[in-house]
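The structure appears below as structure tokens.
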Amino acid sequence: MSLWLLFQVNIMDDTPPPRLLKIGPTSVGLIGLDQALQKAMADKLSPAEAEEFLFTTIARLNYVPATAHDNYCQALRQEYERRLAGKPLTSEALEIRIFASGCVTCDRLAAMMFDILQRLNMVADIEKIFDLDEIWRHGVMTPPALKINGELLCQGRLPTSSEIEQWLRDRQP
Numbered sequence: 000m001s002l003w004l005l006f007q008v009n010i011m012d013d014t015p016p017p018r019l020l021k022i023g024p025t026s027v028g029l030i031g032l033d034q035a036l037q038k039a040m041a042d043k044l045s046p047a048e049a050e051e052f053l054f055t056t057i058a059r060l061n062y063v064p065a066t067a068h069d070n071y072c073q074a075l076r077q078e079y080e081r082r083l084a085g086k087p088l089t090s091e092a093l094e095i096r097i098f099a100s101g102c103v104t105c106d107r108l109a110a111m112m113f114d115i116l117q118r119l120n121m122v123a124d125i126e127k128i129f130d131l132d133e134i135w136r137h138g139v140m141t142p143p144a145l146k147i148n149g150e151l152l153c154q155g156r157l158p159t160s161s162e163i164e165q166w167l168r169d170r171q172p
């Protein structure tokens, strides 16, 4: 699919893009998370009210396993309280974002990243982003691109394995 066609498809689709939330040890993409959090904050809900509102909203737009209800509620409440307090998002794992257009080079970057992480025995929260609007929001103009812990390290080219290894080592928590 060409980038132009992909862009046209995304313009016509009015579904908000998913945002990640850590549910236990797993990052889960949730449609409507940012919008629900913004509404809860604008309405100045208490943490308990926000938890109920956020879960109801998220469960309407996303699949939530019945056995994970409590974990989702806890994660949504923590995220609401974190945003209310203005605290930054923290993580023990590396946060890696691979911006891709679906080309062979982009796929190769993702494969290299997985191989290197495995070889170095490192843990990372990896997200591969294909949505052009989301890619541009991160300041990326030409995929493939790589962001580690919020820092854009490469775009428009395939980095070497040694470059990626060094970037990972330099940013390991």
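FYI, the numbering for the sequence shown is 0 to 172, going by numbering that gives the first Met the number 0. Heads up, the beta-carbon is just placed ideally off N, CA and C, and yes, glycines get one too.
Item	Value
Could you pull the DSSP bridge partners for Ala144 from this structure?	Phe98, Gln154
Taking buried to mean at least 16 other C-beta atoms within 10 Å of its own C-beta, is Trp135 buried or exposed?	exposed
Compute the beta-carbon to beta-carbon distance between Ala173 and Tyr79, rounded to the nearest angstrom, for a pair I have assumed lies under 8 Å.	This structure leaves residue 173 out entirely; the chain is present only between 0 and 172.
Taking Thr66 as part of the beta strand (DSSP E), name the residues at either end of that continuous run.	Segment: none, Thr66 is in no beta strand (DSSP E) and carries neither H nor E.
Looking at the ligand NAD, does it come within less than 6 Å of Leu116, judged from the CB to the closest heavy atom?	This structure lacks the ligand NAD, and indeed carries no ligand of any kind.
Need the endpoints of the beta strand (DSSP E) that Asp124 sits in, please.	123-128
Give the secondary structure of Lys86 by DSSP, where H, G and I count as helix, E and B as strand, and everything else as coil.	coil
Alpha carbons only, please: which of Asp106, Gln34, Asp130, Asp114 is nearest the one belonging to Ala123?	Asp114
Could you give the residue range of the beta strand (DSSP E) that holds Thr176?	Missing from the structure shown is residue 176; the chain here goes from 0 to 172 and no further.
Using the rule of at least 16 other Cβ atoms within 10 Å of the residue's Cβ for burial, across every protein chain shown, is Gly155 buried or exposed?	exposed
Measuring alpha carbon to alpha carbon, tell me which residue in Met121, Lys146, Ser45 is nearest Arg168.	Met121
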